Structures are given as structure tokens and as C-alpha cells.
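A.B. asks: Quick one: the structure is below, and I'll ask about it shortly.
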Amino acid sequence: MKGEQKHGGTKTLALRAAIGVAYIALLALFLVTGRTHTVLIDNKADPAGAWQAIRGMTVSVNGGEAVEYMKGDRDKVSVKGQKMRVRVEFFDGRDTEEYSLKIPFIEDTLLLSVPKLAEGLDNPMEPFNLYADNKARTDAEEGERFGQEP
Amino acid sequence: MKKQFVLKSFIADNLVAVIFLAITIASIPLSGLSPVHIIDDLMTRIGRNAFLVFSLILPIMAGMGINFGMVLGAMAGQIGLIFAMDWGIGGMQGLGFAALLGLPVSILLGWIAGSILNHARGREMVTSYILGFFFNGIYQFVVLYLFGSVIPLHNRAIALSRGFGVRNTLNLEPVRQVLDNAWLVKIAGVRLPMLSYAIIVVLCVFIVWFKKTKLGQDMRAVGQNQHVSNAAGIPVEKTRILSIVISTVLACFGQIIFLQNMGNMNTYNAHDQTGFFAAAAILVGGASLTKASIPNVFAGVLLLHLMYIVVPMAGQNLFGSANIGEYFRQFIGYGVIALSLVIHAWRSRREAEKARALLRSEGEEA
Amino acid sequence: MNTTDMQKRIKEAAADFGWPRIIIALFLAVLFILAPFVKVSIASSLSDIINRFGMNALLVLAMVPMIQSGCGLNFGLSLGVIAGLLGSTMAVQFGLTGWAGLFGAIALSTPFAVVLGWLYAKLLNRVKGEEMTIAMYVGFAAVMFMSIMWLILPYSSKNMVWGYEGKGLRTTITLDGYWNRQLSDFLAVRLSDNFVFPTGLILFVAASCAVMWLFLRSKTGTAMTSVGSNPDFARASGIDINKMRTTSVVMSTVFGAVGILLYQQSFGFIQLYTAPLYMAFPAVAAILIGGASINKASIVQVVVGTILFQGILTMTPSVINSLLQTDMSEVIRIVLSNGMILYALTRKSKVTR
Amino acid sequence: MSNDTPLLRLEGITKDFSGTVVLENVTFDLRAGEILGLVGENGAGKTTLMSILFGMPVIRETGGYGGKILVDGREVRFSGPFDALDAGIGMVHQEFSLIPGFSATENIMLNREIAKGGIIADIFGPRLSTLDRATMHTRAKTAISRLGIEIDPEMKIAEMPIGHKQFTEIAREIDREKVRILVLDEPTAVLTESEAEILLDAVKRLAATGIGVIFISHRLHEITGMCDRVVTLRDGKSVRDVPVGETTVEEIAVSMVGRDMAPPEKNQDNRVFGEPILSVKNLWVDMPGEVVRNVSFDVRQGEIFGIGGLAGQGKLGIPNGIMSLYPAGGEVLFKGKTLPRGNPRTALAEGIAFVSEDRRGVGLLLDETLEWNIAFTAMQSQNRFLKSFLGGLVRLRDEKAMKELANTYIDMLEIKCTGSKQAAKELSGGNQQKICLAKAFCLEPELLFVSEPTRGIDVGAKAIVLDVLRKYNRELGVTIVMVSSELEELRSVCDRIAIVSQGAVADVLDPSASQAEFALSMAGLRESGKNRIKEN
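Residue numbers (this note's numbering), protein chains in the order written: chain Z, 2 to 151; chain B, 6 to 371; chain Y, 45 to 397; chain F, 2 to 537.
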């Protein structure tokens, strides 16, 4: 896009530099604000008995629609940005709780155990490695023919 | 002298559009689709596709014919989207990120394509077509082998199970229909993606403004006569390269808008049909290899999409097999391009002969 | 002869032979050297290359007439292929088998090829300049049109038509029982356990090359070559330029038709619908690898080009895959063939003005 | 320019192209406001002189030039056309350098468009500044009005009459701020009489405003009518520089041509010629740059008939038209029968051969061997040098016969080459010309057209080629029609010479006629009896 300019005046160089900086800044801004994570809202009891599942509750993330979770339920929510506000309304009469959590930028998918959150145990939300357990599914999908006659 | 409207010459001039219109109108009743459905489908398709077709205007203006090499821009856009999906960037930011990343790649590819085309003067179009294939090979090499091995790939969801190379189909869930739903207006059952239209209007303003600039003027001059422009001091080579660069960049943005509407990306084939489709559209719209305007693009996209919606269904109802309609659609697409190229070449030869005859008759009575 | 003269001679030969061809030949040689290390049997590779050479040689030979007459690279070869498909499907429809099948197919497709070639030539003569792009799109449009025809034309023979509907042809039609490998197995010589030399096929190819070589030396052939290198010269010597271009296009289409028949009989299937869409590009790439330019091509270049191109196509999947454990052959094929065409298109036309 | 230093001074300009001297010690001045007429035969060096003045790259590439160019008394050395433009020298060529699809304004301001700056232009460079069409329109209007004519600045060039195109181009040159010297290269060649008059008045008005004008033309009456001084170039030397008042049209014509050498000795064997073998009536030929309007002449059997005349007057069109290489009309009788036209093949079959003036473009297959080049036409039109098999179904080239043929002609015409297999492009100009001659000879024609046989070959080869032609005519009695711009050669070889001017035969002269007679008929002024060309 750079046509040759007769006058290499400082004004042009300054504007060019500004454009360059703006380009990088915009990229970073999009990266940070647009980063979406998949969070698994989990209501299972700990097999080792450290915490029990909650009999019934509704959970709304970042002011989103309140979804009902019964014992043992798990659902997926995608969250844009690194901060997350979770509002939990318990059916068993406890008053509604409001938590705010930070999502580490690097992680794609995380598991939020609401029972651990409710009981205030430490690190209720941990990275969840989607691909460790079900490798089979990804292989099947990859089997399709790829590449083609030009 | 007022240009009086001679029906015969009007038909002769846009023979292609007239034939095309006849076939399409004939198959509307046959297709059995309700008008609302047709118009709705048409509106979304225009919002999705018009941007891509615009990228052909500048190379035509600069005298390089149809730039089948716009496929390179589409590939740049796809690489931008791959990175966006790798970091899972959703919403408008995702589109912005992909576009910004695709920009430098498409500028580089456009520059390379432009300089190669300058070496193949007189046969730019077939060279740009082969360029598309050549870079398709390189694109496959980069995306199938370098991603994940040399270029760090963070998100395992889009990588192949062997660890490197990107999956066949890429789910664009985070950016799906973002532009369309941002400002959707519904009139009588017809969804109008206003934001996409707004972007297209901005592009039209850019093209109108660009034609008024010195570079735009130089491009028009080079397009008509390289020798005279060169004698006047216009940097012909650079101007032609810039027209290809801008066309490739627009193709990159156009492909991102297209894929955002589709919702998923066929990583290795999505870019194949862009060149063919855009060429067919702009030619059906009445553009020629030396003259293309904004109305040509709109008319072309409208007509071609109307055909793409209606004809397969008509084929289905008429011949009882869907793929007749499908083949017929491809046949019309290729046929339109072939016909317009032939008419253009035939007409430019006839004009050359007419000019010489004029000279002779002038020589006669002098 | 002192050394400088020798160097000049070598440099001249290299320039004439063309650097890209040397690189490709070296690449092929390296593949052959590597083969044993990666447990790829040289014999089967050679047999594969010879077979593929026989299959594609005629399609590449079809390029020569049009290049010589200055019509450029024949991206519309698919028209010839369509004529061949029409001939072969009709031969199967009439139930011709064995030699009668093969030569019946050739006889049936030649008239189609001549008519299609003639129409194609009429179009090209009216449109000097940008011939290649127009040829390409006319070819594509014709292939699509035929795809509709395959569904409509009244074919009835049972092993060709879709089972449940009874109308419209299958995408691939087997030639078993008709003239499958009719030429390839004719007088085939088994040199080693997995190296069978398809003598019949190679003889047919040699015969066609001879026919083309003779034609190029004939009166019309000479006239056609002159039209390619300097049309004004030809016109001044009383040659009808358009007639020569038409002959070259018709010949190219006929050779294309017979070429696809050869391809089918050794491949074993007739491929219909969109199969011929991209048939022209490998043939164009092969003759360019052979060293041809946009307006000069010879029989030797056809043979050398086809062997080099098919050699690379056969060796890369086996050798490279086992070397790098990935199937890079698709990428190499695309980059190589299109790279060659680009190289030829961007070189100044060799004919001095 | 009050004092006496001239606006422009060319001092001792010399130039040679790899050995052949093209310009030798050319010296003349140009004062501000003066119109200087520059005349000379084609090939006298006018175009080379103007390329030197205009700093064209071809001059630097072929070894630069000797002598000095002074503008306002200071020496200048231009490295390219843009330096010349900056020094105020504008040039208008004969063929238009205009963009057809652009309006007059856009053409006049081509690449000097006035543009408004802007934030975007600051960032991405001046080429993205938007054009200020209003000011451009007014600028164009003033430039056009300086010529004193009415052209709508917004009219597209393609829709303009030819005259207006010429004015637009001149307007472009004078619109440059610093223009002080304007060179017009045959501006009236394509104009009608009335348009030419308007142009000349406009140029006079321009000169009056102080611009120095160099006016190149073949129409001597224009030169005398409008210029202040006339400089004649002949064989690269400025032989005459005289105010118009002190000379006449005839004197100018003689100075252009006159190498006052003695007329050739009357060839003794007073040759006797048979019936007219070829008679041409009202021939017109549409060949670019060589328009033939109405030519009639007869050629007698066994004669060497010359056709001369200045370039662009149509002499080259005659053979090309008769051989129907270009669309032509009118009547051509060969041996009494009308010659059908449409395809060169018919003329070749009748026994007429043609050696084209465009040796490299039409005459030769540069990449093929000498054997091919010589035997080709005979093979194609007379089916010779072919071995036929299967009863003529297959006819293959008889390489051996072609080799013998090539060798016989190589010896006969002493063609310097490494053998009959050498490619034509590797031969020198003279030898290439001999190959073309051989190609025509082996057709054994009854009538041979030869166009510009000695153009672009060294002097030694010229004599040999002319000798071969003369011998061919004397020994085999073949009638030859020789078209050439070299008057001396025509006079030394031909029995009669027709002079063609403005597409018609001005006169048929005997070789011994005086220089002045030749010069005047060339300039199309001579009151010759038979077909007086009306002043169209």
C-alpha cells in the first residue's frame, strides 16, 4: 500500500509509526477481549467424598440465563473474556450466592465444580483436558479424505 | 447526440445477462419455491458474497482482466481464521483478529502474484488461474504440515490427531453469523443482515473514492494503454502490482465475511470456488475484461444467486434428479464465463477492424 | 577445442535443456537412490512408471500440434477426452469386447473428436489472444454439459446404468469383460517378479509418436510449424493460417480422445461426470517439463516430459512417505506441475522477433 | 529573449549506430518565438536528432552522442525524457500518444494531475490524494484556448475527430509550466487541409508568445508558408540553413535530395522490352502507414521497373496489395488476365514472387535452418522438395533435396554462413537479405517484386544484392519491380522509375532525369503531364 512519496517528511513517518502501533494494539485488544473459553459447570459429588453435589440449583453466568442443575448434572458454557460472574440460587433455601472468578488466558476448557465453589474449597475451577480421555472420537473425524485434485 | 435507446444494440451488448435472465426466470416457477423463501435466501447470500466479487473490479480497471489469483486472498483470510480459532477468539473481535492477521499475508501474496503477472503480459488470466493452483499447493503444505510443527498450534481441538496439521473442517462457532445477527432486520419474513450491507456500502464508498485518487487515475490509464502511460512517467509495473495487492486484500476480507456466514470452514477446499464464482458473477452483471463498475457487481451477484437458488430445484422437479440441477448450475457458471470471454475477444477484434476501416474510408475521401 | 569452448558448449546445452528440467531429473535420480534405503522395490517402481507413461503419453502428445501451430497450451483437452468417453460408452453399450471393443471405441470416438475439434477450432480462430483462458472455460462448460447428458442419454446396458433407476450412467464403469488391459497385456513380458513390461501399450504409443513425427515432417506439418513460429511469414508464403490452426486443433482433440481410451484400458475403468475436468493440467505440465515452450514442442520433449513427470508422481508417494512418514505426494504434485506451467507462462516466448 | 544568445543551440552533433554514421556535425540555432522548419529525406537523421534533443534512452544505450546542446547558452546533457521536459522541451509525435478512454482534460494533465492532499495521502503517500478535477478542467481550458480553438475538455478522445486529437496532444505539451521549445514531428500528416490550416495558425500564435518551435514536415508548401527559417538535413549533415524569405520550394526540394552526381552513364545495350506483363489500374491498398489511394502503371516484360518516393507516401503498399497481404481494390492485369485477389497463394501460383521489406517480421523464419527458409515457399506453393508415399497421400519433406538447394544458392550468392543447417537469426543483415532473395528465386517466378532490398545492410552487401538482381534480370529475363527509398540505387539499376506521392503515381521518370525533377515529384508539386495529382 505504500506508494513512493516524494517528501519523506517526518509527518508521514510519524503517521506510519502510529498506524503500525495501532495495528499491533488492535490485534492485542481483539485477542484479549475476544478470547472465549469453554467452561463446564459441574454439579457432581467428589468420588473421594471431599464434597457433596447440591440437590438442586440454577446457575447464571455473566448475567446470562439461569440454567437448572440437579445432582450429577454437567453443562457447557462459553465465556468471552478473562473474568466470570457466577450467580447461584439454591433450591434448598440457602440465599443466592454471587461469585466472581478469573480465567487464566491460556486455558481453552475448564471445569467449574459448583459444590466446591459453594463450600469455599480452594481452586474450584481447574483446566480440563478435553482430549486426554476420548482420543478415539478425534481419530474417526480425521479419517475423512483430505486434500483434493486441484 | 443523444444516445437513443436501440433495443437491438442493448441486447447485443449484454447478451450474456439476457440469456442468463431468461433461463433463471423460466426456472423460478419450475423450482416450486415460495417467493419469500427465494428473496430471503437471496438477501443473505448477497450479504455474504458481494464483498468477494468487488475484489475483481480494480484488476479489470488496471487492464489485467479477471484476477483468478484472488484465491490467494481467500487463503490469507482462511489462515487468519485458523489463528483466530486457535485462540478461540469469538464475536466481532474474532473477525477483526482474523482480518488483521490476514492483511499482511494477503499483501505479501498480492505482491508476489502481481510481479509474476507482470512477467506474463498478454496472458494474465490463465497465469493467475495457475497461480491459484500453485499457491493452493503451498497453502496445503503450510496448513497440513507446518501448523503445529513449525507454527505453534495452541488449541488441540483444531489440530489433527497426529499432532500437526489443521483439521479438514474447522468449526467457526465463536464467530458464526456474528455480522448477520449483530443488526438483523426482519421484514415480512425476510431476514436482512444490515451490518453486512453496511460493510458493503463502506466498500462501495472506498472504491468510488479510490477511483478519484491519483493512483486510481493511474490505474485507469495503465489499463487502457501501458505504452502511453509509461511515456507519461506513470510507474506501470508498480501500479499493476498495487491493483493486484488491493484485489487480494479485498478477497481476504471477503472470504472472512463469507465463511463467518457459513459457520464452518472446509480448510482445504473453501477457497477453490471463490475465483470461479466471483468471475461468473461480475461477467453476468455485464462487466467486460476492460470495464467493470459497481452496478455490474450487484446485478451479477443478484442474478447468479437467483440462479443458484432456483435452478437446482427446477432440475429436481423437471428431470427428477437433483444432481442434474447441480451440474446445470455449474454448466451455466462456466458457460457464462466462456461466453463473455469469447464475446469480449470477438468484439475487441471487430472494433480494431472497424477502426482500421474508418481510417481507410477517411483516407479514401481525403 | 580449448576449455572455454567446452564450458560454453556445456552452458549452452544446459540452458537449452532448461534448468528446471535438470533439477527435476536430479530430484528423480535422488528418489531412485533413496528407494532401496526405505525398502521401496526399484522393479515395481519402474514397472509403475512405464505403465503410467503408457497411460498418459498420448494425452501429452495431443499437446504438440496446437503448440506448434501457435494456439498455445491446449487447456481445452477435456473436449477430446469427452469424445473418447462418448466413443467408449457407446462401444460398451454395443457390447463390443476384446480387440473389437478397443478399436471399436477408437472408431466411434474419432468422428466425435473431429466434430468437437472443428467447432472448438472455429471458436479459437475467431478469438486471437487469451485463447488459453477461453479454451479452459469452454472445456469446463463442455464437461459439465456432458455430466447432464450422461444422465439423460438412452444407455441401457445393465452394468453401466444405475441399478435402481435403470437410467443414467454410473460414475465409473468397469471394463472387465470388455477391453480391460487389452493393450497392456498384449505380448506383455514379465522381466522380474513384480516388473511386467506392457509391450502392447508401449508399441501403440510408439506408433502414435511415429505418426506425429511423420506428420510434422509432412507438407501440412511443416506449414503448421511455420504458422506457429511466424504467422506473417506463413501468410506471405500462401498458407491459410486459419486452416492450419483448425487442423492442429482437430488433431489435438483426436489424439486426446484416443489418449483417454489408452488411459482407461490400463486403468480398468471409464470415469465419467467431472472426472475429465482437470485432465488438461497434468498433460500440459508434462510437456513443459519435457522442455517445450508456448510455441515450440517436439516428440522427444513429450517422451522425456512424461517419463520425468510420471516418475515423480510414482516415486514421491512411496519414497517420501516412508522417509517422512507423511503423505506429501499430493502437495509435491500440485506445486511441481503448476510450478512448471507458471515457469513456461512467464518466460519470454522463445521465438525471436 | 532580447540578447543574441539563442534559446536553443545544437553545435556539431554527431551520432553513429555501431559504425554507420547517422549524424555528422549538425549545427543550427533556434531563437525564442522563431519557427524553424526541419526538412530532409527519411533516413536523413531527423528522428535520431530529435531523440538526442529529447534525451531518449536509446541514444545513451547505443553509445551517446558527440557535440553540444545549449539551452539559453548553457550546455545540457539529458539522461532521460523527463530531464528534457523539465528543461522546457515538449515533443508531439506523429502517432498519437493519448489514452482513448480519457477525456481531453485527463489526457492533458496525464501524470501531472493536480490533487488535494489529505490525511490518507500523508500516511500512504501522495498517490492516494484525491484529484482536484475543477482546477484541472480550468487548466485544460486555458491550454486549449492558447491554441485558439474550441474543444470541449470533457469529451473523450475516442469520440474526437483526428484534428482535435492532435490539438489535445499539443495542448498537453504547452500546459507544462516551463515549456519554451516545442517540437512537432509531421503534425499535419493525418490532418485534412482545413484542420492543417487551423493547426498552423495555432502554432504561429504559440510562437508569438515566445515559444521556439521546430516544425518537421514533408509538405514543403507548409514549411514555406509558416516557418521563419528552413534547415535541410541530408545524409546526417545540416547542409543548408537559410531564412524562408531567401529561398523557394524548388531549392528546398533539391537541397533535400541533391547529391549532384553525374546522371548514370546511359546503359549501352539499349534494351528492348516486350508487351506489358503487368498493368495496374486505380489500385488502392489499406496498409497501416502506407495508404495507397489511386495508383496506375504498366511494367513491360523483361524490364526492371523502379518505384520510389518518400516514406509513408504509399510505395510499399503497392506490392503488399497486389500480393493481397493487405486488403486492396482496383484492377491488376497480369499477362493480360485479371489477377484474382484474396490470398497470396493465387499470386504465387501465377508466377509472381515477393521479397518483403520487413525482413525479420515477414521475410524469415528466424529460428529455423537456412534450408527451411529457402525451400519453404516453393514447397508450399509448388509442392517441390517433397517425397510422396502411398500415391501422394503422404508427402514428407525431402531434407536431402532441400540441403542441395540451399547449398547451390549459398555458393551462387556467396552467403557467409556455417552451413545450410545454421539458424537464420545468426546471419548478418546482408546475408539474411540474400536468403530472402534465394527464397524468391527458387520459385522461378516470371515477375519478382523486391521491397527495400538494401535497407539496413552494409554498403558492401548493398552492391552485391543489386548486382544479383541485375544479373538475374539480364540472364533469365525475369521482370523485376523494385520498390526502394534509395533514389541513387533506383537510378543505377532501373530502366524506368515511378515516383509515388500521397498514395498516387506523381510521375514516371527516366533514370537520367535531373535531381530537381525527382525531388519535386517526390514532394508532390510537379506539374507533370499525365496524372496531375489534384491538391486534395
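Virtual Cβ for every residue (Gly too), placed ideally from N, Cα, C.
Everything numeric in this text was worked out from a predicted model, so none of it was measured.
Consider the C-beta atom of Val363 (chain Y) and the heavy atoms of the ligand SAM; say whether any pair is separated by less than 8 angstroms.
C.D. replies: Of the ligands one can find in the structure shown there are none, so the ligand SAM has no counterpart to examine.
A.B. asks: Along the region 276-295 of chain F, where does the CB come closer than 8 angstroms to a CB of chain Y? Name the residues.
C.D. replies: Against chain Y - using a Cβ distance shorter than 8 angstroms - the region 276-295 of chain F contributes no residues.
A.B. asks: If you drop the 5 nearest sequence neighbours on each side, which residues of the same chain put their C-beta closer than 8 angstroms to that of Gly244 (chain Y)?
C.D. replies: Correct list, in chain order: Gln226, Leu227, Ser228, Asp229, Phe230, Leu231 and Ala232.
A.B. asks: Candidates B:Ile28, B:Ile16, B:Lys13 and B:Leu12: which alpha carbon is nearest Gly340 (chain B)'s?
C.D. replies: When only C-alpha atoms are compared, the closest one is B:Ile28.
A.B. asks: Between Gly67 (chain F) and the rest of its own chain, which residues show a CB-CB distance below 6 angstroms, the 5 nearest in sequence each way excluded?
C.D. replies: Answer for Gly67 (chain F): Thr15, listed in chain order.
A.B. asks: Just tell me which of F:Glu490, F:Glu489, F:Pro512 and F:Val484 has its CA closest to the CA of Glu501 (chain F).
C.D. replies: According to the sequence as given, residue 501 (chain F) is Val; it is not Glu. Nearest C-alpha to Val501 (chain F): F:Val484.
A.B. asks: Indicate whether the contact test is met: 3 or more Cβ pairs, each with one atom in the region 257-270 of chain Y and one in the region 394-408 of chain F, closer than 8 angstroms.
C.D. replies: Result yes; three or more Cβ-Cβ pairs closer than 8 angstroms.
A.B. asks: Mapping DSSP to helix, strand and coil, what is Val171 (chain Y)?
C.D. replies: Correct three-state label for Val171 (chain Y): coil.
A.B. asks: Quick one: which chain B residues come within Cβ less than 8 angstroms of Leu389 (chain Y)?
C.D. replies: What Leu389 (chain Y) touches in chain B: Ala125, Arg128, Val131, Thr132 and Ile135.
A.B. asks: Please name the residue, chosen from Z:Phe91, Z:Val89, Z:Leu112 and Z:Val80, that lies closest to Gly93 (chain B) on a Cα-to-Cα basis.
C.D. replies: Checking every option, the nearest Cα to that of Gly93 (chain B) belongs to Z:Val80.
A.B. asks: What's the gap between the Cα of His94 (chain F) and the Cα of Met51 (chain F)?
C.D. replies: Straight-line Cα distance between these residues: approximately 10 angstroms.
A.B. asks: I need the straight-line Cα distance from Ile212 (chain F) to Pro64 (chain Y), nearest angstrom please.
C.D. replies: C-alpha separation (whole angstroms): 58 angstroms.
A.B. asks: Quick one: does Ile100 (chain F) have its CB under 9 angstroms from some CB of chain B?
C.D. replies: Chain B, which has a Cβ nearer than 9 angstroms to the Cβ of Ile100 (chain F), makes this yes.
A.B. asks: In or out: Asp223 (chain B) buried (at least 16 other Cβ within 10 Å) or exposed?
C.D. replies: The residue in question, Asp223 (chain B), is buried, as its Cβ has 16 or more Cβ neighbours within 10 Å.
A.B. asks: Would you call the region 255-263 of chain B in contact with the region 72-85 of chain B, where contact means no fewer than 3 C-beta pairs closer than 8 angstroms?
C.D. replies: Output reads yes: the region 72-85 of chain B touches the region 255-263 of chain B.
A.B. asks: Using beta-carbon positions only, say whether Gly164 (chain F) and Leu201 (chain F) come within less than 9 angstroms of one another.
C.D. replies: Cβ distance not < 9 angstroms, so Gly164 (chain F) and Leu201 (chain F) don't count as in contact.
A.B. asks: Looking at the unbroken beta strand (DSSP E) that takes in Gly307 (chain F), where does it start and where does it end?
C.D. replies: Here the beta strand (DSSP E) through Gly307 (chain F) covers Ile305 to Gly309.
A.B. asks: For chain Z, is any of its Cβ atoms less than 9 angstroms away from the one on Gln98 (chain B)?
C.D. replies: So, interface residue.
A.B. asks: For Val255 (chain Y), is the classification buried or exposed, using 16 other Cβ atoms within 10 angstroms of its Cβ as the cut-off for buried?
C.D. replies: Answer is exposed; the Cβ neighbour count stays below 16.
A.B. asks: Counting contacts by CB-CB distance shorter than 9 angstroms, is Gly81 (chain F) in contact with chain Z?
C.D. replies: Cβ-Cβ to chain Z under 9 angstroms: no for Gly81 (chain F).
A.B. asks: Can you tell me whether Lys16 (chain F) is helix, strand or coil according to DSSP?
C.D. replies: If DSSP states are grouped into helix, strand and coil, Lys16 (chain F) belongs with the strands.
A.B. asks: Does the distance from the C-beta atom of Thr350 (chain Y) to that of Ile376 (chain Y) stay below 9 angstroms?
C.D. replies: No, the pair does not count as a contact, with Cβ atoms beyond the cut-off.
A.B. asks: Name the DSSP bridge partner or partners of Ile94 (chain B)?
C.D. replies: Ile94 (chain B) pairs with Z:Arg36.
A.B. asks: What residue from B:Gln265, B:Ile205, B:Ser248 and B:Ile44 has the CA that sits closest to Ile192 (chain B)'s CA?
C.D. replies: Answer by Cα proximity: B:Ile44.
A.B. asks: Taking 9 angstroms as the CB-CB cut-off, is Met324 (chain F) touching chain Y?
C.D. replies: Yes, because at least one Cβ of chain Y sits closer than 9 angstroms to the Cβ of Met324 (chain F).
A.B. asks: Using a Cβ-Cβ cut-off of 6 angstroms (strictly less than) and excluding sequence neighbours within five positions of Trp257 (chain Y), which residues of its own chain qualify?
C.D. replies: Excluding positions up to five away in sequence, the list reads Ile343.
A.B. asks: Residues of chain F with CB under 8 angstroms from Ser132 (chain Y), in chain order?
C.D. replies: Per Cβ cutoff of 8 angstroms: no residues; Ser132 (chain Y) is ~29 angstroms from chain F at best.
A.B. asks: Between Y:Ala186, Y:Ile285 and Y:Gly114, which has its C-alpha nearest Leu163 (chain Y)'s C-alpha?
C.D. replies: Of Y:Ala186, Y:Ile285 and Y:Gly114, the residue nearest in Cα terms is Y:Ala186.
A.B. asks: Measuring straight from C-alpha to C-alpha, what distance separates Pro64 (chain B) and Glu96 (chain F)?
C.D. replies: Going from the Cα of Pro64 (chain B) to the Cα of Glu96 (chain F) covers about 28 angstroms.
A.B. asks: Taking only the alpha-carbon atoms, compute the straight-line gap between Thr216 (chain Y) and Met190 (chain Y) and give it to the nearest angstrom.
C.D. replies: So the two alpha carbons sit approximately 14 angstroms from each other.
A.B. asks: For Asn112 (chain F), return the contacting residues in chain B, with the cut-off set at a CB-CB distance below 7 angstroms.
C.D. replies: Under the 7 angstroms cutoff, chain B gives Ala237, Gly238 and Ile239.
A.B. asks: Select from the region 11-24 of chain Z all residues with a C-beta closer than 8 angstroms to any C-beta belonging to chain F, and list them in chain order.
C.D. replies: Listed in sequence order: Lys12, Thr13, Leu16, Arg17 and Ile20.
A.B. asks: Since Phe97 (chain Y) meets chain F, which of its residues come closer than 7 angstroms, beta carbon to beta carbon?
C.D. replies: Correct list: empty, because the minimum Cβ distance to chain F is about 27 angstroms.
A.B. asks: Distance, Cα to Cα, Ile20 (chain Z) vs Gly107 (chain B)?
C.D. replies: Cα to Cα, the separation comes out at about 17 angstroms.
A.B. asks: Counting only beta-carbon atoms, is Thr378 (chain F) nearer than 9 angstroms to chain Y?
C.D. replies: At least one chain Y Cβ lies under 9 angstroms of Thr378 (chain F).
A.B. asks: Tell me, please, which residues DSSP counts as bridged to Phe241 (chain Y).
C.D. replies: For Phe241 (chain Y), which the question treats as bridged, DSSP gives the partners Y:Val233.
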